[in-house]
Ligand SMILES: Cc1cc2nc3c(=O)[nH]c(=O)nc-3n(C[C@H](O)[C@H](O)[C@H](O)COP(=O)(O)OP(=O)(O)OC[C@H]3O[C@@H](n4cnc5c(N)ncnc54)[C@H](O)[C@@H]3O)c2cc1C
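In my numbering, the protein residues as written are 2 to 463.
Spelled out as structure tokens, the structure:
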């Protein structure tokens, strides 16, 4: 990038909010996936207007720009594939408006998700989407990935809470989409287009979110199984029985052992699988729902059904689930974490399929995830330096995606397509849908400068 552009960027952002030294680029060259590309410049935005000026400059000079929250993404979304500028959002982290009476909060996109919840909780409200990364990921990153979480089963995912977005479009225009009202049908539902857009259509600068009242009571329990299939069938049966727990998380034996070795969270090392289940609501209804859950779990031959005796015991179990990924990461040098998702009734087939694939390709796998959402995280534990194992892993991943599609599911439930899943997207969506996505991108970003190379490739000339 030429010196004139760097001078102009310094004028826009200020000298304390720009990095240009090579060694400073390393921290912004990767996320929680496997691709690394060094940017040429990193800038830290503090205002929407700065981002608008940045995009006008980028368009004039034809420089790629990659938005970045905290870089916790699991699909390579914030990696600057074509170098250029990384735009870091985490210094735009203010709460702009908190309106408990209307159960709304408006924040800058770089605010950490857990800060939103902390603010809401102070007045008896809460922000339901709680990804495992809630304490470090940004709300802008959550919106861009349509992040899910442990409470997704009952409360939905990020898209269910986005009321308004302020967005800088690729050519620098600033738009405000959505409305604070409960209902709103004036114009297209355009804000939804940007939820899950992985930073390729616009830069989210502020977000207005809906909040909910904190439920009066929570009941938590750990169901312990001797077979994976029984645990998966219990999930399907609980849903089919009309019960909607707020949380229903699955962990297999590899994951349980990894967690216990990482941190003692009170999980049974000898169980083939556990389900961490929570019901919430008014005291009696939460209790009654948990009783119905227990009946289904026992019907599926659970060895034990242990209700958490107090908040401390509950927090310990949930802590186990939250550290699952870090724990699995300590088992082998590398891991490949997927998030293929199916409808809940197909979960037993999905679990069987994952075990079969891992066995055939002789790869160690840990399975955990948001089972109540049909969203498992089969995690292949590997050593990327072992070329032969990598070849086997690539074939296994391919089969895994095909399995999800064959079962009527999706190749990503929450982590997004990013870089590595790009080759598999057309198989799920078909050619006509891919053309529509490309047309939308082309309309908003005719030069393909905003986060190029993510979700799908654009033809060289378009
Ligand atoms: C331990 C761990 C647990 C996790 N658990 C979950 C989970 O339970 N559920 C889940 O869904 N995900 C989970 N994730 C994945 C990740 O945390 C989420 O995808 C999160 O939403 C990413 O937020 P971020 O701020 O780190 O964004 P980044 O990783 O920096 O960016 C993610 C994508 O969003 C784009 N982006 C970021 N900010 C903006 C913005 N302001 N405007 C436009 N585009 C933007 C980037 O370009 C990129 O494409 C987990 C990750 C880890 C490491």
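For each residue, glycine too, the CB sits at the ideal point set by N, CA and C.
Proximity below 8 Å, CB of residue i to CB of residue j
i: residue 86; j: residue 96; result: no
i: residue 113; j: residue 76; result: no
i: residue 88; j: residue 9; result: no
i: residue 49; j: residue 175; result: yes
i: residue 343; j: residue 408; result: yes
i: residue 330; j: residue 359; result: no
i: residue 74; j: residue 417; result: yes
i: residue 266; j: residue 223; result: no
i: residue 448; j: residue 60; result: yes
i: residue 122; j: residue 215; result: yes
i: residue 259; j: residue 111; result: no
i: residue 464; j: residue 207; result: Lying before the first or after the last residue shown, residue 464 is absent from the chain, which here runs from 2 to 463.
i: residue 33; j: residue 93; result: no
i: residue 143; j: residue 234; result: no
i: residue 420; j: residue 80; result: yes
i: residue 446; j: residue 171; result: yes
i: residue 91; j: residue 139; result: yes
i: residue 104; j: residue 211; result: yes
i: residue 51; j: residue 13; result: yes
i: residue 314; j: residue 244; result: no
Other residues of its chain near residue i: CB distance less than 7 Å, five sequence neighbours each side excluded
i: residue 353; result: 230
i: residue 7; result: 21 and 42
i: residue 463; result: Residue placement at residue 463 is flagged as unreliable, the pLDDT there being 47, under the threshold of 50; the coordinate-derived value follows with that caveat. 443.
i: residue 2; result: 41, 42 and 64
i: residue 473; result: With the chain running from 2 to 463 in the structure shown, residue 473 is simply not present.
i: residue 192; result: 163, 165, 166, 178 and 179
i: residue 263; result: 324, 327, 328 and 331
i: residue 422; result: 76, 412 and 413
i: residue 261; result: 268 and 270
i: residue 62; result: 6
i: residue 102; result: none
i: residue 286; result: none
Own chain, CB closer than 8 Å to residue i, minus 5 neighbours either side, in chain order
i: residue 236; result: 249, 251, 276, 345, 348, 372 and 373
i: residue 149; result: 130, 132, 158, 159, 371, 374, 376, 414 and 415
i: residue 385; result: 35, 334, 335 and 391
i: residue 118; result: 127, 128, 131 and 135
i: residue 430; result: 438
i: residue 426; result: 412, 418, 435, 456 and 457
i: residue 459; result: 439, 442, 443, 449 and 453
i: residue 387; result: none
Inter-residue CB distance, residue i and residue j (contact presumed, cutoff 8 Å)
i: residue 475; j: residue 309; result: Since the first residue of the chain shown is 2 and the last is 463, residue 475 is not available in this structure.
i: residue 218; j: residue 284; result: 4 Å
i: residue 141; j: residue 203; result: No, residue 141 and residue 203 are not in contact; Cβ-Cβ is about 11 Å, not under 8 Å.
i: residue 56; j: residue 179; result: That belief does not hold up - the Cβ atoms of residue 56 and residue 179 are roughly 21 Å apart, past 8 Å.
i: residue 325; j: residue 256; result: 5 Å
i: residue 339; j: residue 401; result: 6 Å
i: residue 239; j: residue 288; result: Actually they do not touch by this definition, with Cβ atoms about 16 Å apart.
i: residue 199; j: residue 452; result: 7 Å
i: residue 146; j: residue 78; result: 7 Å
i: residue 1; j: residue 303; result: Residue 1 falls outside the range modelled here, since the chain spans only 2 to 463, and no answer is possible.
i: residue 341; j: residue 456; result: About 17 Å separates the two Cβ atoms, so there is no contact after all.
Chain D contact for residue i (CB, 8 Å cutoff)
i: residue 402; result: Included in the structure is just one protein chain, with no chain D present.
Contacts around residue i, its chain only, beta-carbon distance under 6 Å, and the 5 residues preceding and following it disregarded
i: residue 247; result: 152, 155, 279 and 281
i: residue 228; result: 273
i: residue 82; result: 38 and 454
i: residue 381; result: 337, 364, 366 and 394
i: residue 29; result: 40, 43 and 87
i: residue 295; result: 306
i: residue 196; result: 144, 147, 160 and 163
i: residue 379; result: 339, 355, 366 and 368
Distance cut-off 7 Å: residue i Cβ against heavy atoms of ligand 3
i: residue 327; result: By its list of ligands, the structure shown excludes ligand 3, since it contains just ligand 1.
Considering only residues of the segment 326-369, which uninterrupted alpha helix (DSSP H) runs meet the minimum length of 4 residues and lie entirely inside it, listed in chain order?
-> 348-361
Which runs of the alpha helix (DSSP H) spanning at least 4 residues fall entirely within the segment 58-132, listed in chain order?
-> 114-122
Within the segment 292-325, ranges of the beta strand (DSSP E) (whole runs, at least 3 residues) = 305-308
Could you tell me which uninterrupted alpha helix (DSSP H) segments, each at least 4 residues in length, are contained entirely in the segment 237-276, listed from first to last along the chain?
-> 254-263
What are the complete beta strand (DSSP E) segments, minimum 3 residues, inside the segment 201-235?
-> 204-211 and 218-226
In the segment 18-54, which residue ranges form an unbroken alpha helix (DSSP H) of at least 4 residues, counting only runs that do not cross its ends?
-> 23-26
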